[in-house]
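When you line the sequence shown up against my numbering, it's residues 4 to 168, in that order. Some notes on the structure that comes next.
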Amino acid sequence: MPPKFDPTAINYVYLRVVGGEVGATSSLAPKIGPLGLSPKKVGDDIAKATGAWKGLRITVELKIQNRQATVSVVPSAGSLIIKALKEPPRDRKKVKNISHNGNITMDDIIEIARTMRSRSGARYLSGTCKEILGTAQSVGCTVDGQPPHDIIDSINSGDVEIPEE
4 MPPKFDPTAI
14 NYVYLRVVGG
24 EVGATSSLAP
34 KIGPLGLSPK
44 KVGDDIAKAT
54 GAWKGLRITV
64 ELKIQNRQAT
74 VSVVPSAGSL
84 IIKALKEPPR
94 DRKKVKNISH
104 NGNITMDDII
114 EIARTMRSRS
124 GARYLSGTCK
134 EILGTAQSVG
144 CTVDGQPPHD
154 IIDSINSGDV
164 EIPEE
């Protein structure tokens, strides 16, 4: 027989969900059912917490203690960039293969880098900015009207100054 469940223990569950939508409870049930939580109630909590990220795939952290789940959004670099593009929310079922060909400012990149700083592998903020610029290149947007890789090259050569922290 498995050991008795400790109600005071804190469990973390990470999920990838579409913001603002109630996910399928069938995918939630195997993860949070054994912890004594209702998948339907947790699904509604996730939809409420991710309302600002409508239509974007986003990682959500569930902190479960005493059979209570608190939802916190853990944004990825790609979703932060797409949010900074300020695109209108789209219907996932109708619009496919969207191209994010907008333009964001270098200030947006630095702001996103500060948000992602704790999860970055870089030593300095300039390295984190280069990581975010690489993600911006993958997303397909431009930064201050230039391709992101040109800005990475100018950071490497010292033409663009990134403030330290």
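Ideal Cβ placement from N, Cα and C applies to all residues, glycine included.
Helix, strand or coil: how does DSSP classify residue i here?
| i | result |
| --- | --- |
| isoleucine 65 | Isoleucine is not the amino acid found at residue 65; the sequence shown has leucine there. Of the three classes helix, strand and coil, the one that applies to leucine 65 here is strand, per DSSP. |
| valine 25 | coil |
| serine 123 | coil |
| arginine 60 | strand |
| serine 41 | coil |
| alanine 72 | strand |
| valine 163 | coil |
| threonine 232 | The structure shown does not extend to residue 232, since the chain spans only 4 to 168, so no value can be given for it. |
| threonine 145 | strand |
| isoleucine 13 | coil |
Between residue i and residue j, what straight-line distance do the alpha-carbon atoms span, to the nearest angstrom?
| i | j | result |
| --- | --- | --- |
| alanine 50 | leucine 18 | 12 angstroms |
| serine 129 | isoleucine 85 | 21 angstroms |
| methionine 109 | lysine 133 | 11 angstroms |
| threonine 138 | alanine 80 | 7 angstroms |
| glutamate 114 | aspartate 47 | 30 angstroms |
| aspartate 111 | valine 142 | 15 angstroms |
| valine 74 | glycine 39 | 16 angstroms |
| threonine 11 | arginine 70 | 9 angstroms |
| serine 30 | valine 45 | 12 angstroms |
| glycine 23 | glutamine 149 | 32 angstroms |
| aspartate 162 | proline 151 | 14 angstroms |
| arginine 60 | threonine 28 | 17 angstroms |
| isoleucine 154 | leucine 136 | 8 angstroms |
| alanine 55 | cysteine 144 | 21 angstroms |
| aspartate 156 | serine 82 | 24 angstroms |
| proline 42 | threonine 53 | 16 angstroms |
| alanine 87 | asparagine 104 | 12 angstroms |
| threonine 131 | arginine 120 | 7 angstroms |
| valine 20 | alanine 32 | 14 angstroms |
| isoleucine 165 | glutamine 140 | 19 angstroms |
Can you check DSSP and say which residues form a bridge with residue i?
| i | result |
| --- | --- |
| leucine 18 | Val63 |
| isoleucine 107 | Val146 |
Taking C-alpha atoms, which residue in the options lies nearest to residue i?
| i | options | result |
| --- | --- | --- |
| tyrosine 15 | Ala72, Lys89, Pro33 | Ala72 |
| threonine 118 | Asp147, Val76, Ile158, Val20 | Val76 |
| glycine 58 | Asn106, Val163, Gly26 | Gly26 |
| isoleucine 35 | Leu88, Ala87, Ile13 | Ile13 |
| asparagine 106 | Glu164, Ala52, Val146 | Val146 |
Problem set entry | the segment 120–129 in contact with the segment 45–65 per 3-pair CB rule at 8 angstroms | Contact between the segment 120–129 and the segment 45–65 is absent, because fewer than three Cβ pairs lie under 8 angstroms.
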